[in-house]
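Per our numbering, the sequence shown runs over residues 8 to 327.
Backbone N, C-alpha and C fix where the C-beta goes; we use that ideal spot for every residue, glycine too.
Structure first, then comments.
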Amino acid sequence: MKDTVFVMAINEALREELTRDEKVFIIGEDVQQGTFGTTGGLVQQFGKERIMDTPLAETAVAGSAIGSAMAGYRPVADMMFADFMWIAGDEIFLKAAKWHFLHAGKVNVPIVFMGAIGGGFKLGAEHSQCPEAAVMHTPGLKLVIPSTPYDAKGLLKTAIRDNNPVVFFYHKALLGFAGQIPEEEYTIPFGVADIKREGTDVTVVATGMMVHHALAAAEQLKDRISLEVIDPRTLEPFDIDTIVKSVEKTSRAVVVDEDTLRCGVTGEIAAQIMEKAFDYLDAPVQRVAAANMPIPGGYMEEHALPQPKDIIAAVEALMG
């Protein structure tokens, strides 16, 4: 194993896949410089024909990538902020997601849409969202949200090798997060959740940055309440079986996500837990998510986004 940080794990995954397969290329705004560092230094090794800067035109980025993917290439379309996916919504949600189905399986669209999600930097309502529910809601799109450098690298390599569209979201606040990854090549299969912390009293299902909020809450509560923290890692495909097995043990569940509470990811996961683990539950599933409002800039931001104290409050409510 070797030490690294989240952003370099992503960068290393891209570098290895660009080296492994000449059909892989990266396209997006400022990818040659690397706004968040994920694509930094790649143009020097692979050239401008494979690390392609574009104008501020998200629809063109997505459309060009989709056409290339249908022609046999494996593009990584870097949307910079995940919020900008809405601009290219027709291409991503109506074209990339559906064309394998609409062409009776004769056309593959091996493309990764990569974007930074989340708040914490006071960037305002148009640069701080977690639009996970819209992606999870769209048949034909897979959705990856890693929480550690190990997961980021292994899942991104799997995403690039997938024969159909994958959305890869990474949280801006995790870019400097340190961890260990193997020296040798590895991949992580989709649809396999990871138990980040074992516990006995309450199952906490969390994604992305919220995994670390959940772990912080678990540490604060450890002398009173034992939390089992589960990271799905992929929301599509989704590993409900690991969560049900945990709820069978704990009898209580809290779902945490930075998407909005109303019609967000927490609602879908909570519903699946209710449907598949109802007989094990001793209390209603609790949800912790962002407020139903545009994310404010400045000091008000933290009051709209989930914090460890909110998870603690939800756990304490479950325990009475």
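| message | When you compare the CB positions of A297 and A277, do they come within less than 8 Å of one another, or not? | response | No, the pair does not count as a contact, with Cβ atoms beyond the cut-off.
| task | Please look up how many angstroms separate the CB atoms of R81 and I17, rounded, as I've assumed it's under 8 Å. | result | Taking a contact as a CB-CB distance under 8 Å, the pair R81 and I17 does not count as one, their CB atoms being some 16 Å apart.
| So what does DSSP say about M300, is it helix, strand or coil? | DSSP places M300 in coil when its eight states are reduced to three.
| Within 8 Å, strictly: CB atoms of T45 and I58 | Not closer than 8 Å, so no.
| task | May I have the straight-line CA-CA distance separating V83 from V50, to the nearest angstrom? | result | V83 and V50 have their C-alpha atoms spaced approximately 14 Å apart.
| task | Can you check the stretch 71-136 for any alpha helix (DSSP H) of at least 4 residues that lies completely inside it and give the ranges in chain order? | result | Every alpha helix (DSSP H) stretch that sits fully inside the stretch 71-136 and reaches 4 residues is listed by chain position as 106-109.
| For F184, the three-state DSSP class (helix, strand or coil) | In this structure, F184 counts as coil in the three-state DSSP scheme.
| said: Looking at V212: is its Cβ nearer than 8 Å to the Cβ of I237? | reply: In this structure, I237 lies closer than 8 Å to V212 by Cβ.
| Runs of alpha helix (DSSP H) lying entirely within the stretch 242-305, each at least 4 residues, in chain order | For the stretch 242-305, whole alpha helix (DSSP H) runs of length 4 or above, ordered along the chain, are 247-257 and 272-284.
| The alpha helix (DSSP H) with G161 in it runs from where to where? | First-last of the alpha helix (DSSP H) with G161: P156 to R168.
| Exposed or buried, T210, counting other C-beta atoms within 10 Å across all chains shown (16 or more means buried)? | The residue is buried, with at least 16 neighbouring Cβ atoms inside 10 Å.
| Contacts around K149, its chain only, beta-carbon distance under 8 Å, and the 5 residues preceding and following it disregarded | Setting aside the 5 residues that flank it on each side, K149 is surrounded in the same chain by A166, D169, N171, P172, V173, V174, F197, T241, E243 and P244, each with a C-beta closer than 8 Å to its C-beta; the list follows chain order.
| query | Taking the continuous alpha helix (DSSP H) assigned at T26, which residues delimit it? | reply | Counting along the chain, the alpha helix (DSSP H) containing T26 begins and ends at F13 to R27.
| task | Spatial neighbours of A20 within its chain, please: CB distance less than 6 Å, with the 5 preceding and 5 following residues excluded, ordered by chain position. | result | Around A20, the same chain offers K160, L163 and K164 as residues with beta carbons nearer than 6 Å, after the five sequence neighbours per side are excluded.
| message | According to DSSP, is L63 part of a helix, a strand, or is it coil? | response | DSSP places L63 in the coil class of the three-state scheme, outside both helix and strand.
| message | Measuring CB atoms only, is the stretch 286-296 touching the stretch 249-269, in the sense that at least three cross pairs come out at less than 8 Å? | response | A contact exists between the stretch 286-296 and the stretch 249-269.
| What number of angstroms, rounded off, separates the C-alpha of G305 from the C-alpha of K129? | Cα to Cα, the separation comes out at about 5 Å.
| Enclosing beta strand (DSSP E) for L150 [first to last residue] | Boundaries of the beta strand (DSSP E) harbouring L150: K149 to V151, taken from the DSSP string.
| task | Determine, using beta-carbon pairs with one atom in the stretch 264-279 and one in the stretch 134-143, whether at least three such pairs fall under 8 Å. | result | Contact between the stretch 264-279 and the stretch 134-143 is present: 3 or more CB-CB pairs across the two stretches fall below 8 Å.
| task | Return the CA-CA distance between D317 and A111, expressed in angstroms with no decimal places. | result | The alpha-carbon atoms of D317 and A111 are separated by roughly 46 Å.
| task | Would you decide whether F108 is buried or exposed? Buried here means 16 or more other CB atoms lie within 10 Å of its CB. | result | Burial is judged here by how many other beta carbons sit within 10 angstroms of a residue's own beta carbon; F108 has fewer than 16 and is exposed.
| request: Please classify R294: is it buried, with 16 or more other beta-carbons within 10 angstroms of its beta-carbon, or exposed? | output: Flag for R294 reads buried.
| request: With distances taken Cα to Cα, identify the nearest neighbour of P301 among I124, G48 and E133. | output: Selected option, being the one with the closest Cα: E133.
| query | Can you give the Cα-Cα distance for R204 and A223, rounded to whole angstroms? | reply | A223 has its alpha-carbon roughly 11 Å from the corresponding atom of R204.
| task | Using three-state DSSP, classify L312 as helix, strand or coil. | result | Per DSSP, reduced to three states, the secondary structure at L312 is coil, with no helix or strand assignment.
| Roughly how many angstroms separate the alpha carbons of G131 and D10, rounded to a whole number? | The alpha-carbon of G131 is positioned some 33 Å away from that of D10.
| query | Do you know how far the Cα of K30 is from the Cα of E24? | reply | Looking at the backbone, the Cα of E24 and that of K30 are separated by about 9 Å.
| field | Alpha-carbon to alpha-carbon, E309 and Q39 | value | Straight across, the Cα-Cα distance linking Q39 with E309 is about 32 Å.
| query | Quick one, are the C-beta atoms of P409 and F13 less than 8 Å apart? | reply | Nothing about residue 409 can be read from this structure; the chain reaches only from 8 to 327.
| message | Taking its Cβ as the centre, do 16 or more other Cβ atoms sit within 10 Å of A141, making it buried, or is it exposed? | response | Around the beta carbon of A141, 16 or more other beta carbons lie within 10 angstroms, which makes this residue buried.
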